[in-house]
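Engineer: Okay, handing you the structure first.
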Amino acid sequence: MRPSVRNRQSMWVRVAVLATLVAVAWLAVRMGLLPWLQLNRIQAEIGYFRGLVRQHEMLAILILGGLYFLATVLSLPFGIFLSVLLGYLLGRWMGTSLIVCSATAGALTLFVLARWFLGRWIRSRLDKQPQAALIARGFEHHAFNYLLLLRLIPLFPFWLINLVPAVTAIRTRDYVVATFLGILPASFVFANFGASLRHFRLGNPWSTETVTALILIILLSLLPVIYRLWKKRCPGIGSEVSG
Numbered sequence: 001m002r003p004s005v006r007n008r009q010s011m012w013v014r015v016a017v018l019a020t021l022v023a024v025a026w027l028a029v030r031m032g033l034l035p036w037l038q039l040n041r042i043q044a045e046i047g048y049f050r051g052l053v054r055q056h057e058m059l060a061i062l063i064l065g066g067l068y069f070l071a072t073v074l075s076l077p078f079g080i081f082l083s084v085l086l087g088y089l090l091g092r093w094m095g096t097s098l099i100v101c102s103a104t105a106g107a108l109t110l111f112v113l114a115r116w117f118l119g120r121w122i123r124s125r126l127d128k129q130p131q132a133a134l135i136a137r138g139f140e141h142h143a144f145n146y147l148l149l150l151r152l153i154p155l156f157p158f159w160l161i162n163l164v165p166a167v168t169a170i171r172t173r174d175y176v177v178a179t180f181l182g183i184l185p186a187s188f189v190f191a192n193f194g195a196s197l198r199h200f201r202l203g204n205p206w207s208t209e210t211v212t213a214l215i216l217i218i219l220l221s222l223l224p225v226i227y228r229l230w231k232k233r234c235p236g237i238g239s240e241v242s243g
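full-length UniProt numbering applies: residue 1 is where the sequence shown begins, and numbers increase by one.
As structure tokens, this is what we get:
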């Protein structure tokens, strides 16, 4: 199968999965399955933790920020879950700030370790990733703009984008600034979704806050599809990037 056909199929699979999840959530609400799952009890338990966070805000920020930092350094696959949780517990603005700072610090730590201490081992691991060489080629020209694009549009796994620049010539300052700015939109989208869950009620599941947050998530998930369609119409632009 040609890469272009495979990529196109992969894009529509992601869209189909997202649409299925939204449809299942809607059906669960309409069929009254959520009370069976004791959603009110779950909200009450999480509300208890929100109370603890308010009472010990600085300690909570340190603990939650530390967890996000470690998850980034160790490339653990639950960054989105943590982002939503931080938004729920801390609110959209504080949650976004903590996500961006912790993720940037974690990415920088991983970048420094990979560049100065684990370079040979990282290269051997990346050699087994077909996408790694493709990503690395893009850093040969306009490294800052290229990394910013990769951060803004989730074309590749976050951990892979953290590691590949370490074996290129990108400057550390450019890496930090592009990472910080590039992850801001997605961080806000997920933190905002977490904050919107505070307004979720069984009798009125589709509040304005929840619907708006879901629309933002859908738009974010469609960015790779939109980018690839645009690149197909303008093949000479961004030719190094393809998922």
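Even glycine gets a Cβ: it sits at the ideal position worked out from N, Cα and C.
Spatial neighbours of A136 within its chain, please: CB distance less than 6 Å, with the 5 preceding and 5 following residues excluded, ordered by chain position.
Structural biologist: The residue labelled residue 136 in the question sits at position 136 within the sequence shown. If we look at A136 and ignore the five residues flanking it on each side, its Cβ neighbours are V164 and T168.
Engineer: Could you check the C-alpha separation between R123 and Q129 for me, to the nearest Å?
Structural biologist: On the sequence shown, residue 123 is found 123 positions in, with the first residue counted as 1. On the sequence shown, residue 129 is found 129 positions in, with the first residue counted as 1. About 10 Å.
Engineer: Touch check for the region 102 to 112 and the region 192 to 201: three-plus C-beta pairs under 8 Å?
Structural biologist: They do not touch, by the three-pair rule.
Engineer: Put F139 into one of helix, strand or coil per three-state DSSP.
Structural biologist: Residue 139 sits at position 139 when you count from the first residue of the sequence shown. Coil.
Engineer: For L147, count neighbouring C-beta atoms within 10 Å of its own C-beta (all shown protein chains included) and say buried if the count is 16 or more, exposed if not.
Structural biologist: The residue labelled residue 147 in the question sits at position 147 within the sequence shown. So L147 ends up on the buried side.
Engineer: Can you name, in chain order, every residue of its own chain whose Cβ lies under 7 Å from the Cβ of V176, other than the five neighbours on each side?
Structural biologist: Along the sequence shown, one-based indexing puts residue 176 at 176. Result list for V176: T104 and L108, in chain order.
Engineer: Can you look up F156 in the DSSP assignment and give me helix, strand or coil?
Structural biologist: To locate residue 156, count along the sequence shown from 1; it is residue 156. If DSSP states are grouped into helix, strand and coil, F156 belongs with coil.
Engineer: Does the distance from the CB of V84 to the CB of F193 come in under 7 Å?
Structural biologist: Within the sequence shown, residue 84 is the residue found at index 84, counting from 1. Within the sequence shown, residue 193 is the residue found at index 193, counting from 1. For V84 and F193, yes; Cβs fall inside 7 Å.
Engineer: Report yes if the CB atom of A191 is closer than 7 Å to the CB atom of G79, and no otherwise.
Structural biologist: Taking the first residue of the sequence shown as 1, we reach residue 191 at position 191. Taking the first residue of the sequence shown as 1, we reach residue 79 at position 79. No, the pair does not count as a contact, with Cβ atoms beyond the cut-off.
Engineer: Here's a check: name, in chain order, each residue in its chain whose Cβ is nearer than 6 Å to the Cβ of A213, leaving out the five neighbours to either side.
Structural biologist: Within the sequence shown, the letter at position 213 stands for residue 213. Once the five neighbours on either side are set aside, the close Cβ partners of A213 are N192, F193 and S196.
Engineer: Would a C-beta distance cut-off of 7 Å place L223 and I161 closer than the cut-off?
Structural biologist: To locate residue 223, count along the sequence shown from 1; it is residue 223. To locate residue 161, count along the sequence shown from 1; it is residue 161. No, the pair does not count as a contact, with Cβ atoms beyond the cut-off.
Engineer: So, for V24: in the same chain, excluding its five sequence neighbours on each side, which residues have a beta-carbon less than 6 Å away from its beta-carbon?
Structural biologist: For this step, residue 24 is matched to residue 24 along the sequence shown. Counting only Cβ-Cβ distances below 6 Å, and skipping sequence neighbours, we find nothing.
Engineer: Spatial neighbours of V53 within its chain, please: C-beta separation below 6 Å, excluding the five flanking residues on both sides.
Structural biologist: Taking the sequence shown and counting its residues from 1, one reaches residue 53 at position 53. Same-chain partners within the cutoff: A60 and L89.
Engineer: From V211, G95 and V73, pick the residue whose C-alpha is nearest to that of L113; which is it?
Structural biologist: Numbered from its first residue, the sequence shown carries residue 113 at position 113. With distances taken between Cα atoms, L113 lies closest to V73.
Engineer: Return the chain-ordered list of same chain residues with a C-beta closer than 6 Å to the C-beta of S4, the five sequence neighbours on each side being excluded.
Structural biologist: Counting from 1 along the sequence shown, the entry for residue 4 is found at position 4. Unreliable placement is indicated for S4, whose pLDDT of 48 sits below 50; no coordinate value is reported for it.
Engineer: I'd like the list of long-range same chain contacts for F156, defined as Cβ closer than 8 Å, with 5 residues on each side in sequence excluded.
Structural biologist: On the sequence shown, position 156 is the one that residue 156 refers to. Excluding sequence neighbours, F156 sits near Q131, I135, L150 and G243.
Engineer: Can you check whether the CB of F81 is closer than 7 Å to the CB of S102?
Structural biologist: By 1-based counting over the sequence shown, the position of residue 102 is 102. By 1-based counting over the sequence shown, the position of residue 81 is 81. For S102 and F81, no; Cβs fall outside 7 Å.
Engineer: My parser needs the alpha helix (DSSP H) runs of 4 or more residues fully inside the UniProt domain "VTT" (81 to 195); what are they?
Structural biologist: Entirely contained in the UniProt domain "VTT" (81 to 195), the alpha helix (DSSP H) runs reaching 4 residues are, in chain order, 92 to 116, 119 to 126, 130 to 138, 143 to 152, 158 to 163 and 172 to 182.
Engineer: Start and end of the alpha helix (DSSP H) containing L62?
Structural biologist: As a first step, residue 62 is located in the sequence shown; it is residue number 62 there, counting from the start. Counting along the chain, the alpha helix (DSSP H) containing L62 begins and ends at E57 to V73.
Engineer: Please report the distance separating the alpha-carbon of G47 from that of R92.
Structural biologist: Counting from one through the sequence shown, the residue named residue 47 turns up at place 47. Counting from one through the sequence shown, the residue named residue 92 turns up at place 92. C-alpha separation (whole angstroms): 16 Å.
Engineer: Tell me the rounded alpha-carbon separation between P77 and W159.
Structural biologist: Counting from 1 along the sequence shown, the entry for residue 77 is found at position 77. Counting from 1 along the sequence shown, the entry for residue 159 is found at position 159. In a straight line, the C-alpha of P77 is about 9 Å away from that of W159.
Engineer: Spatial neighbours of A166 within its chain, please: CB distance less than 6 Å, with the 5 preceding and 5 following residues excluded, ordered by chain position.
Structural biologist: Your numbering for residue 166 matches position 166 in the sequence shown. Excluding residues within five positions, the ones whose Cβ falls inside 6 Å are F111, A114 and R115.
Engineer: Can you give me the Cβ contacts of L216 inside the same chain, cut-off strictly under 6 Å, excluding the 5 residues immediately before and after it?
Structural biologist: What you label residue 216 is simply residue 216 of the sequence shown in a count that begins at 1. Once the five neighbours on either side are set aside, the close Cβ partners of L216 are V189.
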